[in-house]
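Below: the structure, in structure tokens.
Numbering (the UniProt record's numbering), first residue to last: 1 to 112.
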């Protein structure tokens, strides 16, 4: 029986590959975003709140005279539509900022 020695591969940390992942994500969103079907983006540091923010954004587009006066406004700093014009600020990263290219990501302010 012949034993084959496998080379030890160095695992890349998430911080090392984040800039490439973020660029690929932004490229994909930009490539497939259409005016009639835009991508929605949300600050997902707080998953339950992100879901509620997305629902609020979607429902804000549905006219309903009975509840329009009681609607809470959509917090544009937490949720919005992806576009190439606001690509740099639409998507945020909560990891250590020092590893990121081009300085395009900002940690969002938490408004409770």
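We treat Cβ as the ideally placed atom computed from N, Cα and C, and that holds for glycine.
- Beta-bridge pairing by DSSP links residue 25 to no other residue.
- Spatial neighbours of residue 54 in its own chain (CB-CB distance under 8 angstroms, excluding positions within 5 residues in sequence) are listed in chain order as 40, 42, 79.
- Counting only residues of its own chain and dropping the five nearest sequence neighbours on each side, residue 82 has a CB closer than 6 angstroms to the CB of 29, 33, 39, 41, 90.
- Counting the other CB atoms within 10 Å of its CB gives residue 57 a total of 16 or more, which places it among the buried residues.
- Taking C-alpha positions only, residue 31 is separated from residue 70 by approximately 37 angstroms.
- Taking each of 64, 61, 63, 45 in turn and checking the Cα distance to residue 77, the smallest one comes out for 45.
- In the DSSP annotation of this structure, residue 50 is not part of any beta strand (DSSP E); the continuous alpha helix (DSSP H) holding it starts and ends at 47-59.
- For residue 41, the enclosing beta strand (DSSP E) has its first and last residue at 40-42.
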